[in-house]
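Read in the working numbering, the sequence shown has 537 at position 537, and its numbers run on one by one without any break. Data block below; observations after.
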Amino acid sequence: METNLHSESERSTQQQKGDGHRHEPASDETKDQHEALLRSLVRQMKINQVDIGNQNEALIEAIEKSELRLRKYTVMYDLAPTAYLTLASSGHIIEMNKAGAILLNTSNESLPDQPFEHYLDLNSRDEYSRFTRALITGEPTVPCQVNLRLEGDCIKNVLLTGYFNEIEKTWLLNLLDISERFKYEQLLQQTLSFTESILNSIHNGILVVNNEGQVMKTNENFARMWQIPGEILKSADDQMLLKFVMSQLEDPQEFMQKVASLYNTPFAESFDLIWFKDKRVFERISKPVFANAQPVGRVWSFLDVTTKVSHEAEISQKNEALQRINAEKDKFFSIIAHDLKSPFNVFLGVTELISEDARDLSREQISKLTASLHGSAQKLYHLLENLLEWSQMQRGKIPFEPKKLSLEPFLADCLSTSIEMADKKDIEVTISVPPDAKVVADELMLASVLRNLTTNAVKFTPVGGHISIVAESIEDQKIRIMVRDSGIGMDKQLINGLFRLDENTNRVGTEGEPSTGLGLMLCKGFVEKHHGKIWVESETNKGSSFYFTLSDQKHCTT
């Protein structure tokens, strides 16, 4: 606009010069044009002024947000429970948090005028140098264990991690004080060595080997129990001895697999039974031997328990039952401690945010926060529902009231919630049930089975997938119901751990949905209560199909 006005003025001046410098009064038309230009210029200036004001406000807001984030990060850095140090390129400490100041017995106001390396024990400096070089070059690093030598010859064992800021040419180091843990580890190793020495002195058949499997020593009971000829022992031929031992065993391959497994894990201990072709049974115990806190071999102890094998089998069965009960108990407490904690953390975090910043939150932010609360509440309710049902099932407190049910309307009713969940992930759900299909089942138990299977299908099916629920009559007056999804599937190891509470099969869904595996335990218990069976067919990345059967006649136990 200013350019146009200037051009108009130049043309007017040139016109006056061309007319021989005649000074005639401006016409009304010329005055109107000038006034119009001036008004346009003023209007444009006002618009520009508003734009500049808006830009200034946005800039101020961005600066304030940036400063707020910086203050938050500064507080997090300063109040972190572990020590953080910021080093210059020279290695001098330029900043530390409170934990760092406590660890080094100094402060940010009195930073030492010397590199951090001077705090290190001489034996740790080479390791520290390799660690910092790896940070600079970007090589993969593992935590570096070093010793700090502080005032009064105080030694601190520290686990060191960090990264190098290429732009600022600084290091950020994290120091975790593991001094107490280091002491306890040493004490534990001494205790284990003492215990192993006692075990090595028992009057069983004893075989001592080194890490390469070479025989170091045997006692007379070993040779007697294994019926080893004297010439083999005198030959010191390890392969000949092993061949003779293997020739007596009922399953030599399993024996060698166990041995190989223990040599691959030199700190592991072992206890099992081995069977001979002549029906003898030996108890086998294996423990590592330590020297200077390092495994240097193994002691194998053998005891003939042939006459006690029947009693041991009975005890073993009872122990397995006890271990299963303990595992289920531990799993139950683990679910309570872990899976209940997650939604409560969401509740605490969101409510704290609302209570502190309620006035600054927009409607959209409040809507997102309340949606997060609602989602956590739904997960918590479903988890508590499964926990309560599982607890009642374990104690036999769930009433079992089977009755005839029309399957088609029952499925439509109890799957409404799962279908809503599927809609949110754009998953297509199809239900195929014969119109006249009827089952004899406890209504609440069957609803729980269907709800858990379909909920799992939704969890592990990606957006845009497909889930189908199919019911059909099969032999022996049974109804088979299938819940199939096009989800991420499972490998054989995971399948083998399903329906067992002592196996950890937890994993998150395709959108981060939590899963405890408890729902499948409920399904198994409820289906078996109906004299039915439940199983799964699946392959990784090829979806899963869960099947279970129910009776279509009323002969279930009550």
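Ideal placement from N, C-alpha and C gives every residue a C-beta, glycine not left out.
- In this structure, DSSP gives Pro295 an extended state, which the three-state scheme calls strand.
- For Arg130, the enclosing alpha helix (DSSP H) stretches over residues 125-137.
- With a 10 Å radius around the Cβ and a threshold of 16 neighbouring Cβ atoms, Ile366 comes out exposed.
- In this structure, Leu135 is the residue among Leu135, Gly297, Asp51 with its C-alpha nearest to the C-alpha of Glu166.
- Residue state for Asp237 is assigned as coil, using DSSP reduced to three classes.
- Residue Asn452 holds the alpha-carbon nearest to the alpha-carbon of Gly519 among Val299, Asn452, His531, Glu35.
- By the CB criterion at 8 Å, Asp552 and Ile479 fall inside the cutoff.
- Contact check for Leu498 against His530 fails: the beta carbons are separated by 8 Å or more.
- As a beta-bridge residue in DSSP terms, Pro115 pairs with His92.
- Separation of Met421 and Val458 (C-alpha to C-alpha, rounded to the nearest whole angstrom) is 7 Å.
- At a Cβ-Cβ threshold of 8 Å, Leu172 and Tyr163 count as neighbours.
- According to DSSP, Lys524 shares a beta bridge with no other residue.
- The alpha-carbon separation between Asn108 and Val42 amounts to approximately 56 Å.
- The alpha-carbon of Met225 is positioned some 57 Å away from that of Thr132.
- Between Ser448 and Leu522, the gap from beta carbon to beta carbon is short of 8 Å.
- Exclusion of the five residues before and after Thr141 leaves Phe131, Ala134, Leu135 as the residues of its chain whose Cβ lies within less than 7 Å of its Cβ.
- Counted as a single uninterrupted DSSP element, the beta strand (DSSP E) harbouring Ala441 occupies residues 438-442.
- Comparing alpha-carbon positions, the option among Gly396, Phe302, Glu443 lying closest to Ile274 turns out to be Phe302.
- Here Ala441 is buried. Its C-beta has 16 or more other C-beta atoms within 10 Å.
- Selection Phe222, Val281, Val215, Ala223 evaluated against Ala236 yields Val215 as nearest (Cα-Cα).
- Relative to the Cα of Pro514, the nearest Cα in the group Gly91, Asp121, Gln248, His382 belongs to His382.
- One alpha carbon belongs to Arg181, the other to Thr510, and they sit about 38 Å apart.
- By the beta-carbon neighbour count (other beta carbons within 10 angstroms, threshold 16), Arg298 is buried.
- For the set Gly512, Asp113, Leu104, Phe267, the Cα lying nearest the Cα of Gly375 is the one of Gly512.
- Counting other Cβ atoms within 10 Å of its Cβ, Cys154 stays below 16 and is therefore classed as exposed.
- Taken through DSSP and simplified to helix, strand or coil, Trp390 comes out as helix.
- If the five residues before and after Met445 are omitted, its C-beta is found closer than 6 Å to the C-beta atoms of Phe526, all from its own chain and listed in chain order.
- Between the region 231-250 and the region 269-287 there are three or more C-beta pairs closer than 8 Å, enough to call the two in contact.
- For Val259, the uninterrupted alpha helix (DSSP H) segment begins and ends at 252-264.
- For Met490, there is no enclosing beta strand (DSSP E), as DSSP marks it with neither H nor E.
- Contact check for Pro81 against Ile93 fails: the beta carbons are separated by 8 Å or more.
- In this model, Asn219 and Asn204 are separated by some 9 Å (Cα to Cα).
- Burial state of Glu389 is buried, judged by a 10 Å Cβ sphere holding 16 or more other Cβ atoms.
- In the DSSP assignment, Tyr84 is bridged to Asn174.
- Cβ atoms of Glu539 and Gly489 come within 8 Å of each other, at about 5 Å.
- Between Asn147 and Asp121, the CB-CB gap stays under 8 Å.
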